[in-house]
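**Student:** In the numbering used here, the protein residues as written are 144 to 440. All C-beta atoms in this analysis are idealised placements derived from N, C-alpha and C, irrespective of residue type, glycine included. All values derive from a computational prediction rather than experimental measurement. A single structure is presented below for examination.
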């Protein structure tokens, strides 16, 4: 279990100016063992969002291109070998004097004789691991959403600066397998008041009766199983803020439908699963034990 302390702020006022390693020790002594404290984005400096205005071939290198980048306050020329850059894209730009994770420093240079005033950044170069990246984000420059503002601090926009606690929780502390559960411990140990999300669902007038059936065959293992039918769902990417919270929890974003189920599970500790309505036989969900020699398709 991992928890972003910035996300935890939604439920309890965490003092981010305190010694967060010391507070992790306090949690551990109280029976909430913090295995590791991860400091996200502290090394990132002078990385801004920029828009690619123009791309030209490098005059002396087949695998390089010369990009003109609008970073808000100025226009920069940057040479890159990335194959996924296109005009009009918004990307993270490490300008002259930038610092990246791992002690990498960026300065002006020449690549095969052409001046380059910085570097376009991949998700890896900003500290993100393959395990929490979408397939298209694992190679090449990180392409940011089209509505990303230009010239802002990329680490702030990407919510890349944070402190993340990784816990080694024992089975008897299942009450802490969620952000809300952990927030109770944070509140008690910091003499703060915890608050909980206000959950409200707007339902349509059309009844679900006759459209979905739920059966429980083994009530000793499953006492309750509920279903909700969502109509007119469009599959796409989740908002960036949700993707980043999932990543800090060690979960790779997939799409908006899968991500929201994982998000709720991490927040409230309630396991959820989304089914494609058209692919569920007779629109009937059954909670039961596996049959003998039964294989999962």
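Return the chain-ordered ranges of every alpha helix (DSSP H) run that is complete within the stretch 211 to 278 and spans a minimum of 4 residues.
**Tutor:** none
**Student:** What residues match up with residue 428 in a beta bridge as DSSP calls it?
**Tutor:** 357
**Student:** Given 8 Å as the limit, is there contact between the stretch 401 to 409 and the stretch 384 to 391, that is, 3 or more CB pairs closer than that?
**Tutor:** Judged by Cβ distances under 8 Å, the stretch 401 to 409 makes contact with the stretch 384 to 391, as three or more pairs qualify.
**Student:** Jot down the residue ranges of each uninterrupted alpha helix (DSSP H) in the stretch 328 to 412, minimum 4 residues, whole runs only, in chain order.
**Tutor:** 383 to 391 and 399 to 411
**Student:** Can you tell me which residues form a DSSP beta bridge with residue 198?
**Tutor:** 210
**Student:** Let me check one thing: in DSSP terms, what residues is residue 323 bridge-paired to?
**Tutor:** DSSP output for residue 323 lists no bridge partner at all.
**Student:** Can you tell me where the alpha helix (DSSP H) with residue 150 in it begins and where it stops?
**Tutor:** 148 to 151
**Student:** Going by other Cβ atoms of all chains shown within 10 Å of its Cβ, with 16 needed for buried, is residue 421 buried or exposed?
**Tutor:** exposed
**Student:** Roughly how many angstroms lie between the CA atoms of residue 323 and residue 201, to the nearest whole one?
**Tutor:** 53 Å
**Student:** Please report the Cβ distance between residue 191 and residue 294, rounded to the nearest whole angstrom; I am assuming they are in contact, meaning their Cβ atoms lie under 8 Å.
**Tutor:** Separation of the CB atoms of residue 191 and residue 294 is rounded to 6 Å, and the pair is thereby assigned contact status at 8 Å.
**Student:** How many angstroms separate the CA atom of residue 300 from the CA atom of residue 244?
**Tutor:** Roughly 17 Å between the two C-alpha positions.
**Student:** Please state if the CB of residue 214 and the CB of residue 198 are separated by a distance shorter than 7 Å.
**Tutor:** Annotated as distal: residue 198 and residue 214, with beta-carbon spacing of 7 Å or more.
**Student:** Let's see if you can read the secondary structure: which residues bound the alpha helix (DSSP H) around residue 164?
**Tutor:** 163 to 172
**Student:** Am I right that residue 237 and residue 284 are in contact with their C-beta atoms under 8 Å? What's the rounded C-beta distance?
**Tutor:** Between the beta-carbon of residue 237 and that of residue 284 there is about 11 Å, and that puts the pair past the 8 Å contact cut.
**Student:** Skipping 5 residues on each side, what residues in its chain have a beta carbon closer than 8 Å to that of residue 274?
**Tutor:** Taken in chain order, the residues that qualify are 393 and 395.
**Student:** For residue 326 versus residue 337, is the C-beta distance shorter than 7 Å?
**Tutor:** yes
**Student:** When you compare each of 269, 413 and 218 to residue 183 by their alpha carbons, which one comes out closest?
**Tutor:** 269
**Student:** Kindly identify the DSSP beta-bridge partner or partners of residue 192.
**Tutor:** 235
**Student:** What did DSSP end up calling residue 318 once you bin it into helix, strand or coil?
**Tutor:** Residue 318: helix per DSSP, three-state reduction.
**Student:** By DSSP's criteria, residue 309 is part of a beta bridge. Which residues make up the other side?
**Tutor:** 145 and 179
**Student:** In chain order, what residues of the same chain have a beta carbon less than 8 Å from the beta carbon of residue 260, not counting five sequence neighbours either side?
**Tutor:** 219, 220, 221, 238, 239 and 251
**Student:** For residue 339 and residue 154, which I take to be in contact (beta-carbon distance under 8 Å), what is that distance rounded to the nearest angstrom?
**Tutor:** About 7 Å separates the Cβ atoms of residue 339 and residue 154, confirming a contact at the 8 Å cut-off.
**Student:** As a quick exercise: from 401, 174 and 365, pick the residue whose alpha carbon is nearest that of residue 378.
**Tutor:** 401
**Student:** Can you have a look at residue 438 and say buried or exposed, based on whether 16 or more other CB atoms are within 10 angstroms of its CB?
**Tutor:** Counting Cβ neighbours within 10 Å, residue 438 comes out exposed, since fewer than 16 surround it.
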